[in-house]
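Asks:
Laid out in structure tokens, this is it:
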């Protein structure tokens, strides 16, 4: 049955417009409404009925429906059109349980008028033609299609989309999803709203750019009924905007209605993966009259599931702006996000007001699994130095985040392979590399660390850099006194906890792949000494400093010898420092050592070996 409050709840937007928009909205809305939301050429005036909603302060919404033809149905075309009229009452049940061999609507047009930046009114029009439903049984169409969709409203701009066709469109489930009726359902079990669908693609035309848009393929879409109607949401938005116009704050009840819409939307849907076939664009940048092209391969969206935002991947993204530069990206992936934590915080809050959001904003951070990219290759004009160019290549880059604590990931892995960048020829700091004949640097790096709550430690598994032809460095170790206060809501408490961290141990591996001769040659030239003499001098200074700080124990002597051997020409050195105090050495002491290394005397033991 229709919800008793339906007519009152949808009063803000006009219930006729809401119903029409639900079933046949714009194809750009969401994957849920993709088939039902396409547009086409406007119907001829004689065959079109205009159904205008009461004007809202911010926008006006109208639906124009042409004649409707019904073949072998239990409802006539005129009766069906009345469902979009002012006197439909509770007859939406007829739409939910309709039977027909074929329903055909030549055109439906949606018009949304909004205020422009300078106060003028702008009308955006979505028209769809050849809307057809076949083999409709008890409100479920075995096949549904829209012949063409056209969006316009911006001068000299239009978007045209080809045929969209889907299967098993369940009007009853669709109306139930948005709270317009209460369909039969097994508790909160989702209903199949529509089966798999395809879209042919289309085009965008404008004075600046013209694009060809690829097709779309998607699997089944399921949803459970929401606990409110879109009219409830529209009324809440209107109330909030009215409060803002008078300088008042929206009430907590209004905020909760709007927030509930989003929290329910993210928990009500389940879908199978979707693939968009990319685009190809070309145009001319008006200020410089520069021609450009841009294109992409497939966009893929993993399946939605309640409380999760799916991973999204973009493939083969390319842009060519002539002399301004080129940009190529093999793949960009935004990994899955878990929204269940923020949703739980919002739904359990007694009052949603400014004070609550200020105190609980950390609880609203979703669990973001990270991002990744491959095949980055860019060569563009430097915006700060137009005469120079920014060139960069990255083979692989990955960020993986996990084990969130109060909105902060406690398990982090970041890696990048083959970051290739040119060596600036005019940078004095790079003069030694340029003199050695290096024109570009190929670097890879990785870092990984995790918080161990049981031992109150942060385990640094890796901080590493690898520059082929120059050097490799890898650092690992353990930080102590890493309490849960590091993740506290109170920033002062978190800051104090971070200052209380200690260094328990650190392992360093250095490998010379060719950088040592460059550095030694430059240092010897600056000191005016032969390279052999300079190496001996530096080795002696480093050994003496180490023994002065850590003492002349057997292990310290061995480490000092290893350092001397490395400077003299061995290719790799491994050093391990371990705090004498099991609790570790405080960050304050480590900071003071940058000015006076002797403050660390007796606080570490060291082991070292050169290879």
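Residue numbers (the working numbering): 3 to 613.
Think of the CB as a built atom: it goes at the ideal place given N, C-alpha and C, for glycine as much as any other residue.
Where residue 100 and residue 134 are concerned, what is the direct C-alpha to C-alpha distance, given to the nearest angstrom?
Replies: In the chain shown, residue 100 corresponds to position 98, counting from 1. In the chain shown, residue 134 corresponds to position 132, counting from 1. Computed Cα separation, rounded: 14 Å.
Asks: Classify residue 574 as helix, strand or coil using the three-state DSSP reduction.
Replies: Residue numbering aside, residue 574 sits at position 572 when the chain shown is read from its first letter. DSSP places residue 574 in strand when its eight states are reduced to three.
Asks: Quick one: what does DSSP say residue 83 is sitting in, helix, strand or coil?
Replies: Numbered from 1 along the chain shown, position 81 holds the residue referred to as residue 83. Helix.
Asks: Between which residues of its own chain and residue 256 is the CB-CB distance below 7 Å, once the five residues before and five after are set aside?
Replies: Here residue 256 refers to the residue found at position 254 when the chain shown is read from its first residue. Cβ neighbours of residue 256 beyond the five flanking positions: 238, 241, 242.
Asks: DSSP state of residue 337, grouped into three classes?
Replies: As a position in the chain shown, residue 337 is number 335, starting the count at 1. DSSP places residue 337 in the coil class of the three-state scheme, outside both helix and strand.
Asks: Please report the straight-line C-alpha distance between residue 376 and residue 530, rounded to a whole angstrom.
Replies: Your numbering for residue 376 matches position 374 in the chain shown. Your numbering for residue 530 matches position 528 in the chain shown. The alpha-carbon of residue 376 is positioned some 46 Å away from that of residue 530.
Asks: How is residue 171 classed by DSSP in three states: helix, strand or coil?
Replies: In the chain shown, counting from the first residue as 1, residue 171 sits at position 169. DSSP places residue 171 in strand when its eight states are reduced to three.
Asks: Could you pull out every residue in the same chain whose Cβ sits closer than 8 Å to the Cβ of residue 203, ignoring the five residues on either side in sequence?
Replies: Working through the chain shown from its first residue, we reach residue 203 at position 201. The answer, listed in chain order, is 163, 164, 214, 215, 216, 217, 218, 279.
Asks: Would you kindly work out how many angstroms separate the C-alpha atoms of residue 393 and residue 443, rounded to a whole number?
Replies: For this step, residue 393 is matched to residue 391 along the chain shown. For this step, residue 443 is matched to residue 441 along the chain shown. It is roughly 12 Å from the alpha-carbon of residue 393 to the alpha-carbon of residue 443.
Asks: Give me whichever residues DSSP pairs with residue 400 in a beta bridge.
Replies: One-based indexing of the chain shown puts residue 400 at position 398. Note: residue 400 sits in a beta bridge opposite 374, 417.
Asks: Could you pull the DSSP bridge partners for residue 212 from this structure?
Replies: Along the chain shown, read from residue 1 onward, the residue named residue 212 stands at position 210. Per DSSP, 284.
Asks: Decide if the stretch 498 to 518 is in contact with the stretch 582 to 590; the criterion is three or more beta carbon pairs, one per stretch, under 8 Å apart.
Replies: yes
Asks: Taking a contact to mean a Cβ-Cβ separation below 8 Å, would you say residue 321 touches residue 310 in this structure?
Replies: Working through the chain shown from its first residue, we reach residue 321 at position 319. Working through the chain shown from its first residue, we reach residue 310 at position 308. The answer is no: Cβ separation not under 8 Å.
Asks: Please report the straight-line C-alpha distance between residue 500 and residue 378, rounded to a whole angstrom.
Replies: Indexing the chain shown from 1 puts residue 500 at position 498. Indexing the chain shown from 1 puts residue 378 at position 376. Whole-angstrom Cα-Cα distance: 35 Å.
Asks: Which residues mark the beginning and the end of the alpha helix (DSSP H) in which residue 464 is found?
Replies: As a first step, residue 464 must be located in the chain shown, where it is residue number 462. Not the alpha helix (DSSP H): residue 464 falls in the beta strand (DSSP E), residues 459 to 469.
Asks: Among the candidates 391, 413, 407, whose CA atom is the shortest distance from the CA of residue 618?
Replies: In this structure the chain extends from 3 to 613, so residue 618 is not present and cannot be described.
Asks: What first and last residue would you give for the beta strand (DSSP E) that runs through residue 264?
Replies: Taking the chain shown and counting its residues from 1, the one referred to as residue 264 is at position 262. Segment 254 to 270 is the alpha helix (DSSP H) holding residue 264; no beta strand (DSSP E) there.
Asks: Using a Cβ-Cβ cutoff of less than 6 Å, which residues in the same chain neighbour residue 575 once the five nearest sequence positions on both sides are dropped?
Replies: Position 573 of the chain shown, counted from the start, is the residue given in the question as residue 575. Contacts found: 512, 564, 568, 612.
Asks: Cα separation between residue 395 and residue 464?
Replies: Position 393 of the chain shown, counted from the first residue, corresponds to residue 395. Position 462 of the chain shown, counted from the first residue, corresponds to residue 464. Rounded to the nearest angstrom, the two C-alpha atoms are 23 Å apart.
Asks: Less than 6 Å between C-beta atoms, sequence neighbours within five positions excluded: which residues of the same chain meet that for residue 1?
Replies: For residue 1 there is no data in the structure shown, the boundaries of the chain being 3 and 613.
Asks: Exposed or buried, what is residue 517 when buried is set at 16 or more other beta-carbons lying within 10 Å of its beta-carbon?
Replies: Reading the chain shown from its first residue, position 515 is the one you call residue 517. With a threshold of 16 other beta carbon atoms within 10 Å, residue 517 meets it and is buried.
Asks: Does the Cβ-Cβ distance between residue 434 and residue 520 come in under 8 Å?
Replies: Numbered from its first residue, the chain shown carries residue 434 at position 432. Numbered from its first residue, the chain shown carries residue 520 at position 518. With contacts defined by Cβ atoms closer than 8 Å, residue 434 and residue 520 form a contacting pair.
Asks: Quick check on the burial criterion: 16 or more other C-beta atoms within 10 angstroms. Buried or exposed for residue 130?
Replies: Working through the chain shown from its first residue, we reach residue 130 at position 128. So residue 130 ends up on the buried side.
Asks: Give the straight-line distance between the Cα atoms of residue 176 and residue 195, rounded to the nearest whole angstrom.
Replies: The sequence position of residue 176 within the chain shown is 174, counting from 1. The sequence position of residue 195 within the chain shown is 193, counting from 1. If you take the alpha carbons of residue 176 and residue 195, they lie about 6 Å apart.
Asks: Just to confirm, is the Cβ distance from residue 319 to residue 347 under 8 Å?
Replies: Translated into positions along the chain shown, residue 319 becomes position 317. Translated into positions along the chain shown, residue 347 becomes position 345. No, the pair does not count as a contact, with Cβ atoms beyond the cut-off.
Asks: Quick test of your reading: residue 383 and residue 326, contact by CB under 8 Å. State the CB separation rounded to the nearest angstrom.
Replies: Counting from 1 along the chain shown, the entry for residue 383 is found at position 381. Counting from 1 along the chain shown, the entry for residue 326 is found at position 324. Correct: roughly 6 Å between the Cβ atoms.
Asks: What's the C-alpha gap between residue 127 and residue 381?
Replies: For the purposes of this step, residue 127 is taken as the residue at position 125 of the chain shown. For the purposes of this step, residue 381 is taken as the residue at position 379 of the chain shown. Cα to Cα, residue 127 sits roughly 40 Å from residue 381.
Asks: Would residue 474 pass as a contact of residue 515 if the rule is Cβ separation under 8 Å?
Replies: Working through the chain shown from its first residue, we reach residue 474 at position 472. Working through the chain shown from its first residue, we reach residue 515 at position 513. For residue 474 and residue 515, yes; Cβs fall inside 8 Å.
Asks: Which residues mark the beginning and the end of the beta strand (DSSP E) in which residue 473 is found?
Replies: Here residue 473 refers to the residue found at position 471 when the chain shown is read from its first residue. For residue 473, the uninterrupted beta strand (DSSP E) segment begins and ends at 473 to 482.
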